[in-house]
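Position 14 (the sequence shown) corresponds to 14 in the UniProt record's numbering; numbering is contiguous.
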Amino acid sequence: MQDIEREYRERISMNKKLRCENKDLKMQLQKVEKKLASMKEIERLENASEEEIVELKSKIFNLKSRLYQAKKNVQDKEKYISDLEKRLEESEEQVDRLQCQIKAISSRKNTPE
């Protein structure tokens with residue numbers, strides 16, 4: 001009978017130890033699960049950041065292309081305007097010469113011979 005009592009107490013003691021160990025393991029598991037969730041969130045954010053970086057680099061490339069094209073268009077338009085101004089200046093000079101010729105012809109007609 002004493003053996004059974006002793007064995008019973010040992011089992012109770014062992015059961016208490018196992019329950020405490022089980023409780024500790026559950027707490028450790030919860031901590032590890034929280035860390036894992038945190039790490040997964042960090043990984044998700046890093047991946048999102050990488051995707052954002054790729055997207056932003058693409059936008060920068062597109063904006064640089066548009067800026068280059070806009071600068072090229074401005075240069076082309078400036079050249080066109082410069083050509084038009086030159087042609088206008090030449091036309092004004094031609095008009096001045098023609099007006100002088102008209103005056104010369106008119107003055108010859110008005111002078112008696």
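For each residue, glycine too, the CB sits at the ideal point set by N, CA and C. Note that this is a predicted model, so its numbers are computed, not measured.
M1 sits in coil when the DSSP states are folded into three classes, being neither helix nor strand.
The beta carbon of Q30 sits closer than 7 Å to none of the beta carbons in its chain outside the five residues before and after it. Straight across, the Cα-Cα distance linking S107 with E90 is about 26 Å.
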